[in-house]
Amino acid sequence: GRIEDYCRENGFKVIGKIPFDPSIVEALRELKTPVETGNEEVTREILSLWNKLVNEINTVKGGEKACQEETGPAR
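Okay, so the sequence shown: first residue is 925 according to our numbering, each after it adds one.
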């Protein structure tokens with residue numbers, strides 16, 4: 925897609941994709957988080973993305989302990 929092309933062309937790493945679901949839009953309108961939608965696929969993808977992001981941060985910071993001290997352990 926266009927977003928992935930942009931990322932690739934500008935040196936950004938795509939570490940995950942969150943599927944579009946109208947329930948996410950509705951949750952945000954109600955000031956809820958996307959994981960509060962009850963949509964298991966969306967929740968699973970967001971948690972997977974979060975864990976990948978934590979791993980990327982740990983790689984840059986030079987170790988798992990640095991990130992866990994700031995955010996808590998990855999699930």
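For each residue, glycine too, the CB sits at the ideal point set by N, CA and C.
Please tell me whether residue i and residue j are closer than 8 Å, where the distance is taken between their beta carbons.
i, j, result
"T967", "V959", "yes"
"K976", "G940", "yes"
"I948", "L973", "no"
"D945", "N963", "yes"
Can you list, in chain order, the residues of its chain with a C-beta nearer than 6 Å to that of residue i? Leave out the 5 residues immediately preceding and following it.
i, result
"E969", "I942"
"I927", "none"
Between which residues of its own chain and residue i is the CB-CB distance below 8 Å, once the five residues before and five after are set aside?
i, result
"C931", "K937 and V938"
Which residues in the same chain have their Cβ closer than 7 Å to the Cβ of residue i, if we skip the five residues on either side of it in sequence?
i, result
"A951", "T957, P958, E960 and T961"
In the segment 935 to 977, which residue ranges form an unbroken alpha helix (DSSP H) of at least 4 residues, counting only runs that do not cross its ends? 946 to 953
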